[in-house]
Amino acid sequence: MQEKELVKRQIVKKIKAAGDILITSHIMPDGDNIGSVCALTGALRLSGYKVDCALFDAVPEILKFLPGSSDIKRLAEIDKKYDLLIVLDSSSIERTGVPDLGKYSDFVINIDHHVCNDNFGNINLVHTNYSATVQIVFELIKKARLKFNSDIATCLYCGLMTDTVGFQTSNTDENVFKMASSLVKCGASPNHISREMFQNKSMKNIIIIGKTLSSLNFIDNGLICWGKIDQKTIKEVGALPSDCFGIVNQMISIKGVEVAVLFNERPDGKTMVDFRSKTVIDVNKIANAFGGGGHLRASGATIEGNLNDIISEVVNFAVGHIKTNYNSGLMKGTNTIESHSCGKQKGAKANTVVKSVGI
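Residues 1 to 359 in the UniProt record's numbering are what the sequence shown spells out, letter by letter.
Here you go:
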């Protein structure tokens, strides 16, 4: 802990010395990374610092209620170099969506909570025991004695709530609730944030949810559940990437399901794979096998290749991993599935060349 405090002091020193700062985060934005970006940007600007914030992807509609989200630019718009680049909630450079961060700054601060973070920054502050990156941002704001208001509290609360899936994950400890209490005292409204996040779904999101849940596949009497969102369905519905938000969490909520896997085919030929587990199974290890990672109960990977081949390989690997490593009677002679792709041999491997993590 003393080492972390030293790193925080180094970060505060670099921030104070910077003439201008750029803040960014990972692709496929969620509540934790948007909340972290908006909160830190807001606190720094309120305290007199010159700060820009930009992401590779656009802010999802469901998160546009967050104060400061309208100020987030796209990284493609950034054409200058900054004194300092702060990367939030991203376990690797690849996760930012750009291959080279050096075009934005010669000095990078990496702040994250993923166990698979590869320490790509000049300074790295990684708390793998934290539930969300907003927890680290909150501590930094206090450490730097930055100004604070209800808008910043709202952004932090949103990140805390979404990365714990409504305070349900196994790493939701007393520190999470202490922080939530502090944020409410500072003006965050749990009712307002919950309503915006969980009771403000688009019609296309509901249609995608319905189509996905109605065609789920179950293995070993429902122990493992997997589903897919292919490009055909996305085009039929006219859905945006943000319309696929939160579906895997619905899958893991099914009684008896211990592992849920959602395959989300993208137009660029890659597939986003989200993993969730309920009690004892470490899905981070499964994601690691495909160049991804994240957390014990929530992880992800981006895989390049034919969708059906990817499904076959990932599901078969997950089944084998669980049978090998969890000999507590969870698995009862589960069968694997065959590859559906034409022109390849049965069980052909997908081309897992894209390194990525989720959540």
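Each residue gets a CB set at the ideal place from its N, CA and C atoms; glycine is no exception.
Practice problem: Could you pull out every residue in the same chain whose Cβ sits closer than 8 Å to the Cβ of E61, ignoring the five residues on either side in sequence? | Solution: S202, L240, S242
Quiz item: Three-state secondary structure (DSSP) at V237?
Solution: helix
Quiz item: Leaving out five residues before and five after S276 in sequence, what residues of the same chain have Cβ atoms less than 6 Å from its Cβ?
Solution: Per the sequence presented here, residue 276 reads as Arg, with Ser not at that position. For R276, where only same-chain residues beyond five positions count, the Cβ hits under 6 Å are V248, I252, A260, A298.
Quiz prompt | Backbone secondary structure at Y130 - three-state DSSP | solution = coil
Quiz item: Does any residue of chain C bring its CB to less than 8 Å from the CB of S242?
Solution: Absent here is chain C; the protein component of the structure consists of one chain.
Self-check item: Cα-Cα separation, H192 to I209
Solution: 23 Å
Exercise. Starting from the Cα of M272, find the closest Cα among I303, T162, T128, L101 and give me that residue.
Key: I303
Quiz prompt | Outcome for I152 when other beta-carbon atoms lying within 10 angstroms are tallied against a minimum of 16 | solution = buried
Practice problem: Would you decide whether E313 is buried or exposed? Buried here means 16 or more other CB atoms lie within 10 Å of its CB. | Solution: buried
Quiz item: In whole angstroms, what is the alpha-carbon distance linking E322 and L296?
Solution: The amino acid occupying residue 322 in the given sequence is Ile; Glu does not appear at that position. The straight-line gap from Cα to Cα measures roughly 14 Å.
Quiz item: Within 7 Å: the Cβ of A188 and any heavy atom of the ligand MG?
Solution: Absence of the ligand MG is noted for the structure shown, with no ligands found whatsoever.
Self-check item: Integer-rounded CB distance, given that D71 should sit under 8 Å from T133
Solution: In fact, because the Cβ distance is near 19 Å, the residues do not count as touching under 8 Å.
Practice problem: Pick helix, strand or coil for V98, following the three-state DSSP scheme. | Solution: coil
Practice problem: Hey, could you find the ends of the alpha helix (DSSP H) F148 is sitting in? | Solution: Premise fails: F148 is in no alpha helix (DSSP H) and is neither H nor E.
Quiz item: First and last residue of the alpha helix (DSSP H) that includes M251?
Solution: 247-252
Self-check item: Short Cβ contact (8 Å threshold) for I286 with K228
Solution: no
Quiz prompt | Limits of the unbroken alpha helix (DSSP H) element including F317 | solution = 307-325
Practice problem: Compute the distance between the beta-carbons of L183 and L156, then report whether it is under 8 Å. | Solution: yes
Quiz item: Out of curiosity, what's the CA-to-CA distance linking K235 and I141?
Solution: 43 Å
Quiz prompt | I93 to F107 span [Cα, whole Å] | solution = 13 Å
Quiz item: Alpha carbon to alpha carbon, what distance is there between Y326 and I23?
Solution: 41 Å
Quiz item: Is C116 helix, strand or coil by DSSP?
Solution: coil
Quiz item: Looking at C-alpha atoms only, which residue of A188, G238, V257 is the closest neighbour of N221?
Solution: V257
Quiz item: Looking at the structure shown, is Y104 part of a helix, part of a strand, or coil, going by DSSP?
Solution: coil
Practice problem: Could you pull out every residue in the same chain whose Cβ sits closer than 8 Å to the Cβ of I21, ignoring the five residues on either side in sequence? | Solution: I15, L44, Y49, K50, V51, D52, Y82, D83, L84, L85, I86
Quiz item: Can you name, in chain order, every residue of its own chain whose Cβ lies under 7 Å from the Cβ of residue 360, other than the five neighbours on each side?
Solution: Not covered by the structure: residue 360. The range shown for the chain is 1 to 359.
Quiz prompt | Opening and closing residue of the alpha helix (DSSP H) in which C38 lies | solution = 31-46
Quiz item: Fully enclosed by the region 202-229, which beta strand (DSSP E) runs are 3 residues long or longer?
Solution: 217-219, 224-229
Quiz item: Who are N110's beta bridge partners in DSSP?
Solution: V87, N124
Quiz item: If we ignore side chains and look at the alpha-carbon of each, how far apart do K270 and N205 end up?
Solution: 21 Å
Quiz prompt | Straight-line gap, D268 to D230 (C-alpha atoms, nearest Å) | solution = 12 Å
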